[in-house]
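Participant: Below are the structure tokens for one structure; questions will follow.
Protein chains in written order, with our numbering: chain A, 6 to 168; chain B, 6 to 168; chain C, 6 to 168; chain D, 6 to 168.
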């Protein structure tokens, strides 16, 4: 059973630009991470886009949806910024593809030594293999259906909503 | 839904003794890890023992089984050395508790900067919430039933066996 | 021989604010670093200020100078942002204190896993003990006199100037 | 001013063999470290040997001495295990080469996330440029002459001796 990881950027993949002293994007860290965590599930990594999720417009979300639709894999992880992860999950959820799609990301970039990125990726890799078809958000150990989750921006956590 | 983590030691929790220059045990790193990965699922951590899995005898495995049996939680993660993880899984599996028990560990100790420990813990946290009752080994992204897995010691990977 | 470290902030001590997704200041990482690197020279840490060096005005530099002047130690390290490190070095150099003062910092914050902060601190700790009275900039393995150094902002490196 | 780093192994460069679960040697981490700390001093790295310093015999120390003797550089850092660093320093010191030679190492391997290796390397890089000809041990922020230092094995620290 092979998994596709569709990369969109977000905090997970932020890079530090030492000349400008700011957090930007350069490459994805996913290939490096999958190697050192010795992931033994076959994974296909696809660089869909590298943007901050606050910069995600409808066209960007459609691009993610198109990747999921045409992917030969039935099990897909989408890495995504946390701020609008729920919005993209809704676009994917409403499309009702016959696939299991898990959105995940990080509150702290992978390049920081106290990042939650690797833990979240682990949760997503297990969840995408075990969940039935549908669209889910998997963050910080919790698994949410796309239509019953929101980000609490004051606390910086994802929480369940009544549907 | 609360999770219990029963700690037994293993490579996951190895500590470096700088006076003797060798890998030993001191404390578990689990509480620290759960904090920085911002795990938002309630977790009860139980220090069952801190030993190398090559030093695990029947009495040690019975101690793990007793912890699982008397735990109020229905979902339990057991951290364990990789060398005899499958043997302990068999003891737990044969007991047929009405619980979901996931054994996990690490090929490289958590204290190394290229460890698989945090990724495996992520996989285990998601898997223990999603799997039906039974006993499983979750390592390096893969989920195995206790009675169809073995460690390939030459390659350092877990692989499926015919039951 | 005891060393004083006067902390002013800068890239070295940047903290990641996961709610706002940006690099700010909270505490200094110096006490934690000195512990894990097993620094066996007695060190007195002084939190002078925690600011970006682009926000350093004359009053801020005077505050650093006053700390150096009244310090009982003869050997002082000042951690500082790289953008205006040379300007602060000039204020300290022109004061001609009978002390050895070393300014250092980092191109990449300590909290990143590929930071130069710990290496630069090591260079500074050795240099401050070995150099005669005067004011110096120590960055990325090189030792400069305060009046013959500039930051090359395009390349992100410090380089020697003719005096 | 160019520096030569003569690598001999020791705790600094220990590697974790995940198949055997033990600390061994494979390659040196020096080239990787020099890159991410953005060392801007020209450095020539020489792999002299990769052994535990408890396994260092006279022939091994002569090999280090020969490297130092024939090096075109006047400033040399020798990375070395801590247990017999002082013995090798004595062999180099008695040879009275017209060079500045600094021995350094680590109490905790570089691959551990709380290693002192990078800090010690920073200290050594500054010290080797600033010290007069002679042989020195630079560990954990302190600079010792080769003939007035010993390792306190109970405490795991280097300390000054009367000459």
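Glycine included, every Cβ here is placed at the ideal spot set by N, Cα and C.
Got a sec: which bits of the region 21–54 of chain C sit with their beta carbon under 8 Å from any beta carbon on chain A, in order along the chain?
Facilitator: Per Cβ criterion, the list reads 21, 23, 24, 26, 27, 28.
Participant: Interface residues of chain B around residue 127 of chain D at Cβ under 8 Å?
Facilitator: Position 122 of the fourth chain holds residue 127 of chain D. Going along chain B, no residue has its Cβ under 8 Å from residue 127 of chain D, so there is no contact; the nearest lies around 18 Å.
Participant: Compare the C-alpha of residue 103 of chain A against each of A:77, A:124, A:53 and name the closest.
Facilitator: Within the first chain, residue 103 of chain A is the residue found at index 98, counting from 1. The option with the nearest alpha carbon to residue 103 of chain A is A:77.
Participant: Consider the Cβ of residue 123 of chain A: report whether some Cβ of chain C lies at a distance smaller than 7 Å.
Facilitator: In the first chain, the residue the question calls residue 123 of chain A occupies position 118. It does not: the Cβ of residue 123 of chain A has no partner Cβ on chain C nearer than 7 Å.
Participant: Which residues in the same chain as residue 123 of chain C place their Cβ atom closer than 8 Å to its Cβ, once the five residues preceding and following it in sequence are excluded?
Facilitator: Residue numbering aside, residue 123 of chain C sits at position 118 when the third chain is read from its first letter. So the list reads 38, 42, 115, once near-sequence residues are dropped.
Participant: Confirm, please, whether the CB-CB distance from residue 110 of chain C to residue 15 of chain C is below 7 Å.
Facilitator: Here residue 15 of chain C is taken as the residue at index 10 of the third chain, counted from 1. Here residue 110 of chain C is taken as the residue at index 105 of the third chain, counted from 1. Yes.
Participant: How is the alpha helix (DSSP H) around residue 134 of chain B delimited, first residue to last?
Facilitator: For the purposes of this step, residue 134 of chain B is taken as the residue at position 129 of the second chain. Unbroken alpha helix (DSSP H) run through residue 134 of chain B: 122–135.
Participant: Could you spell out where the beta strand (DSSP E) holding residue 27 of chain C opens and where it closes?
Facilitator: One-based indexing of the third chain puts residue 27 of chain C at position 22. It spans 27–29 - the beta strand (DSSP E) in which residue 27 of chain C sits, taken as one unbroken run.
Participant: With three or more C-beta pairs closer than 8 Å as the rule, is the region 129–139 of chain D touching the region 81–99 of chain D?
Facilitator: In short, these stretches touch, since the Cβ pair count reaches three.
Participant: Using a cut-off of 8 Å between C-beta atoms, extract the partners of residue 118 of chain A located in chain C.
Facilitator: As a position in the first chain, residue 118 of chain A is number 113, starting the count at 1. Near residue 118 of chain A (Cβ distances below 8 Å), the residues of chain C are 116, 117, 118.
Participant: Between residue 70 of chain B and residue 151 of chain B, how many whole angstroms is the CB-CB distance? I'm expecting something under 8 Å.
Facilitator: In the second chain, counting from the first residue as 1, residue 70 of chain B sits at position 65. In the second chain, counting from the first residue as 1, residue 151 of chain B sits at position 146. 13 Å between Cβ atoms; not a contact.
Participant: Quick check: residue 47 of chain D and residue 7 of chain D, are their CB atoms within less than 7 Å of each other?
Facilitator: As a working mapping, residue 47 of chain D is identified with position 42 in the fourth chain. As a working mapping, residue 7 of chain D is identified with position 2 in the fourth chain. Yes; because the gap between Cβ atoms is below 7 Å, this pair is in contact.
Participant: List the residues of chain D that residue 112 of chain B touches, going by C-beta distances under 8 Å, in chain order.
Facilitator: Here residue 112 of chain B corresponds to residue number 107 of the second chain, with the count starting at 1. Ordered by position in chain D, the residues that pass the 8 Å Cβ test against residue 112 of chain B are 23.
Participant: Are the Cβ atoms of residue 80 of chain C and residue 133 of chain C separated by less than 7 Å?
Facilitator: Here residue 80 of chain C is taken as the residue at index 75 of the third chain, counted from 1. Here residue 133 of chain C is taken as the residue at index 128 of the third chain, counted from 1. In contact: residue 80 of chain C and residue 133 of chain C (Cβ atoms closer than 7 Å).
Participant: With 7 Å as the threshold, decide whether the Cβ of residue 146 of chain D is near any Cβ in chain B.
Facilitator: What you label residue 146 of chain D is simply residue 141 of the fourth chain in a count that begins at 1. So, not an interface residue.
Participant: Along the alpha helix (DSSP H) that carries residue 51 of chain D, what are the first and last residues, could you check?
Facilitator: As a position in the fourth chain, residue 51 of chain D is number 46, starting the count at 1. Here residue 51 of chain D belongs to no alpha helix (DSSP H); instead the beta strand (DSSP E) covers 48–56.
Participant: Under 8 Å by Cβ, that's how I've got residue 88 of chain D and residue 31 of chain D pegged, so tell me the actual separation to the nearest angstrom.
Facilitator: Here residue 88 of chain D refers to the residue found at position 83 of the fourth chain. Here residue 31 of chain D refers to the residue found at position 26 of the fourth chain. Between residue 31 of chain D and residue 88 of chain D the Cβ distance is about 20 Å, and since that is not below 8 Å, they are no contact.
Participant: Using the beta-carbon of each residue, which ones in chain B are nearer than 7 Å to residue 132 of chain A?
Facilitator: Counted from its first residue, the first chain places residue 132 of chain A at position 127. In chain order: 131, 135.
Participant: For residue 70 of chain B, report the span of its alpha helix (DSSP H) as first-last.
Facilitator: Taking the second chain and counting its residues from 1, the one referred to as residue 70 of chain B is at position 65. Segment 63–75, the alpha helix (DSSP H) holding residue 70 of chain B.
Participant: Terminal residues of the continuous alpha helix (DSSP H) containing residue 35 of chain B?
Facilitator: Your numbering for residue 35 of chain B matches position 30 in the second chain. Looking at the DSSP string, the run of the alpha helix (DSSP H) that includes residue 35 of chain B is 35–41.
Participant: Tell me where the alpha helix (DSSP H) around residue 98 of chain A begins and ends.
Facilitator: For the purposes of this step, residue 98 of chain A is taken as residue 93 along the first chain, with counting starting at 1. Run containing residue 98 of chain A: 90–99, per the alpha helix (DSSP H) assignment.
Participant: Residue 143 of chain D to residue 63 of chain A, Cα distance in whole Å?
Facilitator: Numbered from 1 along the fourth chain, position 138 holds the residue referred to as residue 143 of chain D. Numbered from 1 along the first chain, position 58 holds the residue referred to as residue 63 of chain A. Using only the alpha carbons, I get a separation of about 59 Å.
Participant: If you follow the beta strand (DSSP E) that residue 32 of chain A is part of, which residue opens it and which one closes it?
Facilitator: The residue given as residue 32 of chain A occupies position 27 in the first chain. Segment: none, residue 32 of chain A is in no beta strand (DSSP E) and carries neither H nor E.
Participant: Quick one: give me the first and last residue of the beta strand (DSSP E) that residue 24 of chain C is part of.
Facilitator: Within the third chain, the letter at position 19 stands for residue 24 of chain C. From DSSP, residue 24 of chain C is part of no beta strand (DSSP E); its letter is neither H nor E.
Participant: Under 7 Å, Cβ to Cβ, is there at least one residue of chain A near residue 11 of chain B?
Facilitator: Position 6 of the second chain, counting from 1, holds the residue named residue 11 of chain B. Chain A, which has no Cβ nearer than 7 Å to the Cβ of residue 11 of chain B, makes this no.
Participant: When you compare each of B:66, B:90, B:20, B:106 to residue 136 of chain B by their alpha carbons, which one comes out closest?
Facilitator: On the second chain, residue 136 of chain B is found 131 positions in, with the first residue counted as 1. Of B:66, B:90, B:20, B:106, the residue nearest in Cα terms is B:106.
Participant: On the DSSP letters alone, give me the boundaries of the beta strand (DSSP E) that residue 145 of chain A sits inside.
Facilitator: The residue you call residue 145 of chain A lines up with position 140 of the first chain. Segment: none, residue 145 of chain A is in no beta strand (DSSP E) and carries neither H nor E.
Participant: Just to confirm before moving on: does the CB-CB distance between residue 52 of chain B and residue 33 of chain B stay below 7 Å?
Facilitator: In the second chain, the residue the question calls residue 52 of chain B occupies position 47. In the second chain, the residue the question calls residue 33 of chain B occupies position 28. In this structure, residue 33 of chain B lies closer than 7 Å to residue 52 of chain B by Cβ.
Participant: Closer than 8 Å by beta-carbon distance: list the chain B residues that pair up with residue 154 of chain A, in chain order.
Facilitator: The residue labelled residue 154 of chain A in the question sits at position 149 within the first chain. By Cβ distance, chain B contributes nothing, its closest Cβ being about 12 Å from residue 154 of chain A, past 8 Å.
Participant: Counting only C-beta atoms, is residue 162 of chain C closer than 7 Å to chain D at any point?
Facilitator: Sequence index remark: in the third chain, residue 162 of chain C carries index 157 (1-based). By this cut-off, residue 162 of chain C is an interface position.
Participant: Rounded to the nearest angstrom, what separates residue 120 of chain A and residue 23 of chain B at their Cα positions?
Facilitator: Taking the first chain and counting its residues from 1, one reaches residue 120 of chain A at position 115. Taking the second chain and counting its residues from 1, one reaches residue 23 of chain B at position 18. About 26 Å.
Participant: Here's a check: name, in chain order, each residue in its chain whose Cβ is nearer than 6 Å to the Cβ of residue 19 of chain C, leaving out the five neighbours to either side.
Facilitator: Counting from one through the third chain, the residue named residue 19 of chain C turns up at place 14. Answer for residue 19 of chain C: 28, 114, listed in chain order.
Participant: Please name the residue, chosen from C:154, C:161, C:166, C:139, that lies closest to residue 169 of chain A on a Cα-to-Cα basis.
Facilitator: Given that chain A is displayed from residue 6 to residue 168, the structure contains no residue 169 of chain A and the question cannot be resolved.
Participant: So the candidates are D:118, D:57, D:125, D:75; which of them puts its Cα closest to the Cα of residue 93 of chain D?
Facilitator: Taking the first residue of the fourth chain as 1, we reach residue 93 of chain D at position 88. That would be D:57, whose Cα lies nearest to the Cα of residue 93 of chain D.
Participant: Specify, as a first and last residue, the run of the beta strand (DSSP E) that residue 107 of chain A falls within.
Facilitator: Taking the first residue of the first chain as position 1, residue 107 of chain A is located at position 102. Residues 105–109.
Participant: Could you tell me which chain C residues have their CB closer than 7 Å to the CB of residue 16 of chain A, listed as they occur along the chain?
Facilitator: Stepping through the first chain from its first residue, residue 16 of chain A is reached at position 11. Residues of chain C passing the Cβ test: 26.
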